[in-house]
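Going by numbering that gives the first Met the number 0, the sequence shown opens with residue 0, and the numbers climb by one from there. All residues carry an ideal CB built from backbone N, CA and C; glycine is no exception. Since the model is a prediction, treat every value here as computed from it, not as a measurement.
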Amino acid sequence: MEHLTGTIEAEERLFAEIHPPLNDSEAYLESTRCLECGGPNAPAPCTVACPTHINIPKFIREIREGDPLQAARTIFEANVLGGTCARVCPVEVLCEGACVLTKEGRRAVRIGRLQRYATDWALERHQSVLPHAPTTCYKERIAIIGAGPAGLACAAELALLGYRVVVYEARPLPGGLVVYGIAPYKQVIDPLPLEVEQLRQMGVEFHFGVSVGRDIPLKQLEQEYEAIFLGIGLGRDQSVEVEGEELEGVYESLEFIERIKLGDWRTVQQTLGESVVVIGGGNTAIDVAREAIRLGVKDVTVIYRRTEKDMPAYAHEYQAARREGVRFLWQTAPKRCIGTKRVQAVECIYLKMTQPEAGRRSPLEEVPGTEFILKADAVIKAIGQQKRTDFLSQIEGLELERGLVKVDEWFHTTAAKYFAAGDCVNGGDTVVRAVGEGRRAAHGIHRYFGRMANGE
């Protein structure tokens, strides 16, 4: 693969879409491939596979019939971030992975790209895509802490149910990891501001740059609101706990992605040099490795503690990274980052798996004498995020399980008026799962007040 070195070429590559939008003709032709599976009592496999259960055959039929606005409304009725999810969902393992055409050895319907076609069509024309909120509201007010996918979905659903909702977000922009943690090549054009504007039109109130616990006490929220939803996500990247981790040129994965997305990519590019080592084996590790390639790095190596089959990253993401020139070293761990002021190399060691206890993963042991040096002008840590235990410990009666918020089937926590969903509950998963959880939590809050939503 030819690597990019010039600034202009790097910019074009960095912000090039891997899945360009469909035009009208392409969308129509793709929509004709849908078999419209399922029915009232047996939803289509693609709908079942979607965590928000969008009626996929219906919106595809509406595209085929020349009504992309209605298709968008069908999508947003189930998923308030339908435009965002059309870009970032791992459709290969969700809706498209369940498409019945694949059972016949045929290519799945491009559901994600059709979803993007419809949602872009409506949002770009500033069409109203969400149902109107009731003109009269219940007396209860609900605070949402965190404007990530779970918080936004919960806020939208509560507004539709007739509640007054106020969202508090510590960062200057809404979206959580959608804005700050998803690689640019997956989301070049960001529909999120238009999606959030739809929520404003429903009456949802937003306060950005306000950190609950710092700028406004939790006790104040508990006094002013009848229910509080926690959509706080996870924290910073975990430490790899090796010598030299504090050296210049050692990045946290989320810091790396955020600086690229929010306009500082040229400065980042200048610091990467020719060799980058990525530590981790998840989807974020793959993302930062592929971004480094797009920034012109000639040698990108991912080191992972376990085997190829154990790697948690999606197979299609891993294969794409390999095609782009990323190198992988298995059963390899960092021992130290080497350098004086700035990182210059990583000392690694090979690991072996030992006999596991019943029901547990194989423990790992270092193999003595297998140390080796990898040249590294930059290192990117991508081994997961920290739990938000410092913040959560302030909430009286809130129980945690391994640092995550403990909830029931309606996402009600053990603290009376608190509900929670998204990454702070599930430990970090897809955007669409967070949306589905936030929406269900809204109905949990509705039930908490002794009310039942239609269809329950």
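Closest by C-alpha distance to glycine 96, out of Arg86, Lys138, Cys45, is Cys45.
Burial check for threonine 306: the Cβ neighbour count within 10 Å stays below 16, so the residue is exposed. Residues Ile141, Val164, Ala441, Ile444 of the same chain have their beta carbon placed closer than 7 Å to that of leucine 157, with the five preceding and five following residues left out of the count. Contact between valine 287 and serine 252 holds, with the beta-carbon distance rounding to 5 Å and staying under 8 Å.
Comparing alpha carbon positions, the residue from Ala312, Thr300, Ala344 closest to phenylalanine 327 is Thr300. In the DSSP assignment, the residues bridged to phenylalanine 228 are Ile143, Phe418. Excluding the 5 residues flanking it on each side, leucine 122 has same chain C-beta neighbours closer than 6 Å at Gly82, Pro190, Leu193, in chain order. Assigned with DSSP and collapsed to three states, tyrosine 349 falls in strand. With contacts defined as CB atoms closer than 8 Å, lysine 380 and leucine 403 fail to qualify as a contacting pair. In the DSSP assignment, arginine 112 falls within the alpha helix (DSSP H) that extends over 110-123. Counting only runs of 3+ residues, the beta strand (DSSP E) found wholly inside the region 382-450 occupies 417-419, in chain order. The beta carbon of phenylalanine 205 sits closer than 6 Å to the beta carbons of Val166 from its chain, once the five residues preceding and following it are set aside; these are given in chain order.
Residue pairing of isoleucine 372 in beta bridges, as defined by DSSP: Glu346.
In the displayed model, aspartate 298 falls within a strand according to three-state DSSP.
Taking a cut-off of 8 Å on C-beta distances, the region 333-345 touches the region 231-249, as three or more cross pairs fall below it. Setting aside the 5 residues that flank it on each side, cysteine 36 is surrounded in the same chain by Ala43, Pro44, Cys45, Pro56, Val99, each with a C-beta closer than 8 Å to its C-beta; the list follows chain order. Contact between alanine 117 and alanine 70 holds: CB atoms are separated by about 4 Å, below the 8 Å threshold. The continuous stretches of beta strand (DSSP E) do not include tyrosine 162, and DSSP gives it neither H nor E. A straight line joining the alpha-carbon of aspartate 66 with that of glutamate 323 spans about 38 Å. Around the C-beta of lysine 138, fewer than 16 other C-beta atoms lie within 10 Å, and the residue is accordingly described as exposed.
In this structure, arginine 289 lies away from alanine 375, with their beta-carbon atoms at least 8 Å apart.
With contacts defined as CB atoms closer than 8 Å, valine 345 and cysteine 336 qualify as a contacting pair. Apart from sequence neighbours up to five positions away, the residues of its chain that approach histidine 52 with a beta-carbon distance below 8 Å are Pro42, Thr46, Ala77, Gly435, ordered along the chain. Valine 366 counts as exposed, since fewer than 16 other beta carbons sit within 10 angstroms of its beta carbon.
Sequence-distant partners of methionine 201 (beyond 5 residues in either direction) whose C-beta falls short of 8 Å from its own C-beta, in its chain, are Leu129, His131, Ala132, Ala155, Ala158, Leu159.
CA-to-CA, the gap between glutamate 168 and phenylalanine 228 works out to about 12 Å.
Judged by DSSP secondary structure, threonine 46 falls within the alpha helix (DSSP H) whose first and last residues are 44-48.
Counting the other CB atoms within 10 Å of its CB gives histidine 125 a total below 16, which places it among the exposed residues.
The C-alpha of leucine 363 lies about 39 Å from the C-alpha of glycine 104. A distance of 8 Å or more separates the beta carbons of glycine 437 and alanine 415. At the C-beta level, tyrosine 313 and glycine 279 stay beyond 8 Å of one another.
For threonine 135, the three-state secondary structure derived from DSSP is coil. The beta carbon of phenylalanine 371 sits closer than 7 Å to the beta carbons of Cys347 from its chain, once the five residues preceding and following it are set aside; these are given in chain order.
Measuring C-alpha to C-alpha distances from isoleucine 62 to each of Asn22, Thr101, Gly38, Val241 identifies Asn22 as the nearest.
When beta bridges are read from the DSSP output, arginine 293 appears opposite no residue. Secondary structure at aspartate 309: helix, using DSSP grouped into helix, strand and coil.
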